[in-house]
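Q: Following this message is one structure expressed as structure tokens.
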Amino acid sequence: MRQFWTMATAVILCGVLFVILKPLADEPTFEEDIAQLDLPEVTEEAPAELLASGEDIDKIAEFPIKPAQREKLQELQKQRQQSIQGMVPARVAIPSIGVDAAIEATGILENGEMGVPEDINQVGWFEPGFKVGAKGHAVLAGHVDSYTGPAIFYHLKKVEAGEKVIVTDKDGREMVYEIQEKTSYVTDEAPIEEIFGPSDSRMINLITCTGTFNRDTGSHEERLVVTAKLISDSSVQDKQPEAPMNVTATSFNVSWHAVRDDAIIGYRVYEEDIETGEMTKVATVSLFDRKKVEITADDAKRYYVSSVDVDLNESEKTPAE
Numbered sequence: 000m001r002q003f004w005t006m007a008t009a010v011i012l013c014g015v016l017f018v019i020l021k022p023l024a025d026e027p028t029f030e031e032d033i034a035q036l037d038l039p040e041v042t043e044e045a046p047a048e049l050l051a052s053g054e055d056i057d058k059i060a061e062f063p064i065k066p067a068q069r070e071k072l073q074e075l076q077k078q079r080q081q082s083i084q085g086m087v088p089a090r091v092a093i094p095s096i097g098v099d100a101a102i103e104a105t106g107i108l109e110n111g112e113m114g115v116p117e118d119i120n121q122v123g124w125f126e127p128g129f130k131v132g133a134k135g136h137a138v139l140a141g142h143v144d145s146y147t148g149p150a151i152f153y154h155l156k157k158v159e160a161g162e163k164v165i166v167t168d169k170d171g172r173e174m175v176y177e178i179q180e181k182t183s184y185v186t187d188e189a190p191i192e193e194i195f196g197p198s199d200s201r202m203i204n205l206i207t208c209t210g211t212f213n214r215d216t217g218s219h220e221e222r223l224v225v226t227a228k229l230i231s232d233s234s235v236q237d238k239q240p241e242a243p244m245n246v247t248a249t250s251f252n253v254s255w256h257a258v259r260d261d262a263i264i265g266y267r268v269y270e271e272d273i274e275t276g277e278m279t280k281v282a283t284v285s286l287f288d289r290k291k292v293e294i295t296a297d298d299a300k301r302y303y304v305s306s307v308d309v310d311l312n313e314s315e316k317t318p319a320e
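By numbering that gives the first Met the number 0, the letter at position 290 of the sequence shown is numbered 289, and the numbering carries on one by one without gaps.
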């Protein structure tokens, strides 16, 4: 998914936090000796497996899984995870601080600096890094101020964990992120690989200047990094599994037909109190067990069966006839 980053790119990233956000200064003043760098190489991202690998798997949630099922289910999960692709961002909104701004893709200029939007009320996306929505840390950076006054991320320091960041692309696809934390770093001590590098989760880092303005260097002495995690994507719908058919209740048991879907890992049987409407799960049936459970006849009870897939999505409950 990601191409290998060269050491030259890693070196440039070490100056990015300074260069991208240095308001209205003519030349960069932060340099890092290549010989002192000890950054890990960012390798191509491997698709995540929700099931543990390298060891026997005996359950997903409450459902027993036979070893023969493991490979097929792992492959299904990989395919579902890979269906969530990153996007090129066009706009970002942070409702809690009134931010609603266009995003401009930025890269590395010929002079080694990172390009920034000319408009201080726009946000830059670091295009050589991760796309928004991809596994890894996508970076969105904006100025805090300029000689004329506040800029787009002037109030970024006021955000709190739990607040939302909404990113959209040109076609209207919307991703909602939840802020996890905010941290200030002395510019020279910012953990570049953590801010720009890979992650098992789909993250964004919002970056701006903070701290005291140093007139000698023409920049603030710290960088504020706000980290947020993807919680929803308008292009990804949780598909509800097909519900079981031919659900039948007798005086002794409830039975049903299996759902013909490789992603189904089992079934749940529910008992409803007809008078109160209270629903209780009374049985779990794995994929390889008989689709029948014993019950004790009771006219005050009604029974239902649902199917559950490998992502633990549950179907509608089919009432027994």
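Glycine included, every Cβ here is placed at the ideal spot set by N, Cα and C.
With a threshold of 16 other CB atoms inside 10 Å of the CB of N312, please say whether the residue is buried or exposed.
A: exposed
Q: Tell me, please, which residues DSSP counts as bridged to D256.
A: For clarity, residue 256 is His in the given sequence; the question names Asp instead. Paired residues: M244.
Q: If I measure Cβ to Cβ from A60 and keep anything under 7 Å in the same chain, skipping five residues before and after, which residues do I get?
A: So the qualifying residues of the chain are L311.
Q: Is the separation between the beta-carbon of K134 and that of S198 shorter than 8 Å?
A: With respect to S198, K134 sits close: the two C-beta atoms are nearer than 8 Å.
Q: Pull up the distance between the alpha-carbon of P66 and that of V284, whole angstroms please.
A: 17 Å
Q: Applying the criterion that 16 or more other CB atoms from any shown protein chain within 10 Å of the CB defines a buried residue, is S233 buried or exposed?
A: Result: exposed.
Q: Taking the beta strand (DSSP E) that E180 falls in, what are its first and last residues?
A: 173-185
Q: Give every residue of the same chain whose Cβ lies closer than 6 Å to the Cβ of K280, excluding the five residues on either side of it in the sequence, and list them in chain order.
A: R267, Y269
Q: Would you kindly work out how many angstroms separate the C-alpha atoms of A140 and V122, rounded to a whole number?
A: Between A140 and V122, the C-alpha separation is close to 6 Å.
Q: In the DSSP assignment, what are the bridge partners of N204?
A: Per DSSP, V138, T226.
Q: Starting from E271, trace the beta strand (DSSP E) in both directions and tell me its first and last residue.
A: 263-272
Q: Cβ of A227 within 8 Å of Cβ of Q179?
A: yes
Q: Could you please give the first and the last residue of the uninterrupted alpha helix (DSSP H) stretch that includes E193?
A: 191-195
Q: Please report how far the alpha carbon of T331 lies from the alpha carbon of E126, in whole angstroms.
A: In the structure as shown, the chain starts at 0 and stops at 320, and residue 331 therefore has no counterpart that could be examined.
Q: Taking 8 Å as the threshold, find out whether the segment 159-178 comes into contact with the segment 87-106 through three or more Cβ pairs.
A: yes
Q: Just tell me which of V258, P318, K238 has its CA closest to the CA of D272.
A: Minimum Cα distance to D272 is reached at P318.
Q: Does DSSP classify S306 as helix, strand or coil?
A: Of the three classes helix, strand and coil, the one that applies to S306 here is strand, per DSSP.
Q: What's the C-alpha gap between I206 and V91?
A: 13 Å
Q: Starting from the Cα of L286, find the closest Cα among N245, V225, H256, S183 and give me that residue.
A: H256
Q: Tell me the DSSP bridge mates of F125?
A: T105
Q: For S305, which residues from the same chain have a beta carbon less than 6 Å from its beta carbon, with the 5 sequence-adjacent residues on both sides left out?
A: Short of 6 Å from the beta carbon of S305, and not among the five residues preceding or following it, lie these beta carbons of its own chain, in chain order: R267, E313, S314, K316.
Q: Give the straight-line distance between the Cα atoms of Q76 and G265, rounded to the nearest whole angstrom.
A: 16 Å
Q: If I'm right that A242 touches Y302 with Cβ under 8 Å, what's the distance once you round it to whole angstroms?
A: With 8 Å as the limit, A242 and Y302 do not qualify as a contact, their Cβ atoms being about 14 Å apart.
Q: Could you check where the beta strand (DSSP E) with T295 kicks off and where it finishes?
A: Note, T295: premise wrong, no beta strand (DSSP E); not H, not E.
Q: Identify, in the order they occur along the chain, each residue of the same chain with its Cβ nearer than 7 Å to the Cβ of R172, setting aside the five sequence neighbours on each side.
A: M86, S233, S234
Q: Mark I230 as exposed unless 16 or more other C-beta atoms lie within 10 angstroms of its C-beta, in which case mark it buried.
A: exposed
Q: Relative to the C-alpha of N204, which candidate in H154, K181, M278 has its C-alpha closest?
A: K181
Q: What's the gap between the Cα of Q73 and the Cα of D260?
A: 15 Å
Q: Hey, how far is the Cα of K157 from the Cα of H142?
A: 15 Å
Q: Under 8 Å between the Cβ atoms of N252 and V292?
A: Yes, the Cβ-Cβ distance between N252 and V292 is below 8 Å.
Q: Give me the Cα-Cα distance between I151 and L223, rounded to the nearest whole angstrom.
A: 14 Å
Q: Compare the Cα-Cα distances from N120 to each of G128, M202, M174, I102 and report the closest residue.
A: I102
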